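**Student:**
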Amino acid sequence: MHMNLAKFVIRCLVSIAAALAVSGASVAQTKPNVVILATGGTIAGAGADVTNSATYQAAKVPVDKLIAGIPQLANVANVRGEQVFQVASESFKNDNLITLGKRISALLKRSDVDGVVVTHGTDTAEETAYFLNLVIKSKKPIVVVASMRPGTAMSADGMLNLYNAVKVAGSKDAQGRGVMVVMNDEINSGRDVTKAINIKVEAFKSPWGALGMVVEGQNYWFRRLDKRHTVNSEFDIDKIDSLPLVEIAYAGGNVNDTAYRAFANAGAKAIIHAGPGNGSVSGTLVPVLRALRGKGIQIIRSSHVNAGGFVLRNAEQPDDKYDWVVAHDLNPQKARILASVALTSTNDSKELQRIFMEY
Ligand code: DAS
11 MHMNLAKFVI
21 RCLVSIAAAL
31 AVSGASVAQT
41 KPNVVILATG
51 GTIAGAGADV
61 TNSATYQAAK
71 VPVDKLIAGI
81 PQLANVANVR
91 GEQVFQVASE
101 SFKNDNLITL
111 GKRISALLKR
121 SDVDGVVVTH
131 GTDTAEETAY
141 FLNLVIKSKK
151 PIVVVASMRP
161 GTAMSADGML
171 NLYNAVKVAG
181 SKDAQGRGVM
191 VVMNDEINSG
201 RDVTKAINIK
211 VEAFKSPWGA
221 LGMVVEGQNY
231 WFRRLDKRHT
241 VNSEFDIDKI
251 DSLPLVEIAY
261 AGGNVNDTAY
271 RAFANAGAKA
281 IIHAGPGNGS
291 VSGTLVPVLR
301 ALRGKGIQII
311 RSSHVNAGGF
321 VLRNAEQPDD
331 KYDWVVAHDL
341 NPQKARILAS
351 VALTSTNDSK
361 ELQRIFMEY
């Protein structure tokens, strides 16, 4: 009798297990561990009144208060915060990038950290995200998040942006996609994205499109970044302790050589020529840039057109003859980041051009 009962019980357990498997009943998932590194910006800003969506002070609210303001974060991840800086991002220096990068690298090496979120100002979020994309050797998600309105304003965007950022940073399907910028429900690549509009919530755009969207805690992916990044990058933050001086000279009509000469005298190792159109160079400027190149300064042609530049080598300028570099589709501020990182490993213009085409 006992043996028959035992067989019956086992058969019942097997049937229950099979039913659960078929029903797709998920085994209780353990929540991911996400660290929020706060640096300042509007997402930590505070205004005098709920009607102040554009008049406020950035970099005021501490990270623990940001986290406490969104209790729903606990539903998607085990979250803890670190206040790395408390600055408006237009004040970021290269040293801030190095410090932040090294902290992220150390955290992502830990088995009890599944992803990192960086709260950041919108002004240079694209630069920080691209820098991290170049130098952090990890597949774990790194998400830079900002906001266009302070948390004290009506229809503030920071809470949902931060909730979405934590969700993406804790997602297994976000691994290996490079550094991302999550804002306004979109997931953009840190390499491509730029702050295209400075007075709208839908501020960040990628000329080649977003990687995906995150809606009500669900990620929807449409593409992957083709350029080298993170674990496939030849650059490593753990081997970089400083960045060389690279400056940007903005050129329109009636341009003269004052800025270029001043940058050279200040010790710039490369000058990003932020030109109109195809990174065009005024006839009066060509001899000046050739002379500066002759003194060993790298000349990198970029375009300041709004919706996405694309500087073609040897098209309107004989770059081979002048030994200049073209920034490809990188805007001037991203070209400065890549040149700064690349110059930590080479000062060969042909190597620099390879790097600009691959990253
Ligand atoms: N000054 C801006 C910055 O810190 C504020 C913001 O938009 O985040 O980048």
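Using this note's numbering, the first residue of the sequence shown is number 11, and each one after it goes up by one.
Cβ atoms here follow ideal geometry from the backbone N, Cα and C, with glycine treated the same way.
Since the model is a prediction, treat every value here as computed from it, not as a measurement.
For Thr40, is the classification buried or exposed, using 16 other Cβ atoms within 10 angstroms of its Cβ as the cut-off for buried?
**Tutor:** Exposed, because fewer than 16 other Cβ atoms sit within 10 Å of the Cβ of Thr40.
**Student:** Between Ser121 and Val256, is the Cβ-Cβ spacing less than 8 Å?
**Tutor:** Not a contact, by the Cβ cut-off of 8 Å.
**Student:** Taking the CB atoms as reference points, tell me whether Val291 and Gln327 lie closer together than 8 Å.
**Tutor:** Yes, the pair counts as a contact, with Cβ atoms nearer than the cut-off.
**Student:** For the alpha helix (DSSP H) holding Tyr230, just list the boundary residues, first then last.
**Tutor:** Note, Tyr230: premise wrong, no alpha helix (DSSP H); beta strand (DSSP E) at 228 to 231.
**Student:** Buried or exposed for Val89, please, with buried defined as at least 16 other CB atoms from any protein chain shown within 10 angstroms of its CB.
**Tutor:** Looking at its Cβ environment, which holds 16 or more other Cβ atoms inside 10 Å, Val89 is buried.
**Student:** Taking 7 Å as the cut-off, is the C-beta of Thr393 nearer than that to any heavy atom in the ligand DAS?
**Tutor:** Any answer about residue 393 is impossible in this case: the structure gives the chain only from 11 up to 369.
**Student:** What are the start and end residues of each continuous alpha helix (DSSP H) run of 4 or more residues lying completely inside the segment 167 to 198, in chain order?
**Tutor:** Correct list: 168 to 179.
**Student:** Quick check on the DSSP output: the beta strand (DSSP E) that includes Leu47 runs from which residue to which?
**Tutor:** From DSSP, the beta strand (DSSP E) with Leu47 extends over 43 to 50.
**Student:** On a CA-only basis, which of Ser312, Val71, Ile80, Asn62 is nearest Met169? Give me that one, please.
**Tutor:** Residue Ile80 is the option with its Cα nearest to Met169.
**Student:** Going by CA-CA distance only, name the one from Thr162, Ser157, Glu244, Gly111 that's closest to Thr138.
**Tutor:** Taking only the C-alpha atoms, the option nearest Thr138 is Gly111.
**Student:** Taking only three categories from DSSP, how would you classify Met367?
**Tutor:** Three-state DSSP puts Met367 in a helix.
**Student:** Determine the DSSP secondary structure at Gln343, reduced to helix, strand or coil.
**Tutor:** Helix, per DSSP.
**Student:** Pick from Ile247, Lys360, Gly227, Asp59: whose alpha carbon is nearest that of Asp183?
**Tutor:** Cα-wise, what sits closest to Asp183 is Gly227.
**Student:** Let me know the alpha helix (DSSP H) ranges lying completely inside the segment 48 to 105, each 4 residues or longer, listed in chain order.
**Tutor:** Listed in chain order, they are 73 to 78, 83 to 86.
**Student:** With a threshold of 7 Å on Cβ separation, who are the neighbours of Ser359 within its own chain once the five nearest residues in sequence on each side are excluded?
**Tutor:** Excluding residues within five positions, the ones whose Cβ falls inside 7 Å are Gln308, Asp333, Val335.
**Student:** In terms of alpha-carbon separation, which member of Ala278, Pro297, Pro72 lies closest to Asn266?
**Tutor:** Among Ala278, Pro297, Pro72, the Cα nearest to that of Asn266 is on Pro297.
**Student:** Report yes if the CB atom of Ala179 is closer than 8 Å to the CB atom of Val94, and no otherwise.
**Tutor:** Their beta carbons are not under 8 Å apart, which means Ala179 does not touch Val94 by this criterion.
**Student:** Got a sec: does the ligand DAS put a non-hydrogen atom nearer than 7 Å to the Cβ of Ala7?
**Tutor:** One cannot answer for residue 7 here, as it falls past the ends of the chain, which runs 11 to 369.
**Student:** If you follow the alpha helix (DSSP H) that Val145 is in, where does it begin and where does it stop?
**Tutor:** Run containing Val145: 135 to 145, per the alpha helix (DSSP H) assignment.
**Student:** Does DSSP put Lys205 in a helix, in a strand, or in coil?
**Tutor:** It is a strand residue.
**Student:** Below 8 Å on the Cβ atoms is my guess for Gly222 versus Ile197; work out the distance and round it to an integer in Å.
**Tutor:** About 4 Å separates the two Cβ atoms, so the contact holds.
**Student:** Can you tell me where the beta strand (DSSP E) holding Thr268 begins and where it ends?
**Tutor:** First-last for Thr268: 268 to 275, but that is the alpha helix (DSSP H), not the beta strand (DSSP E).
**Student:** Pull up the distance between the alpha-carbon of Lys305 and that of Leu340, whole angstroms please.
**Tutor:** Distance between the alpha carbons of Lys305 and Leu340 is about 25 Å.
**Student:** Please list the terminal residues of the continuous alpha helix (DSSP H) segment that includes Ala301.
**Tutor:** Its alpha helix (DSSP H) spans residues 296 to 304.
**Student:** Measure the alpha-carbon distance for Ala68 versus Gln363 and round it to whole angstroms.
**Tutor:** Approximately 38 Å between the Cα atoms of the pair.
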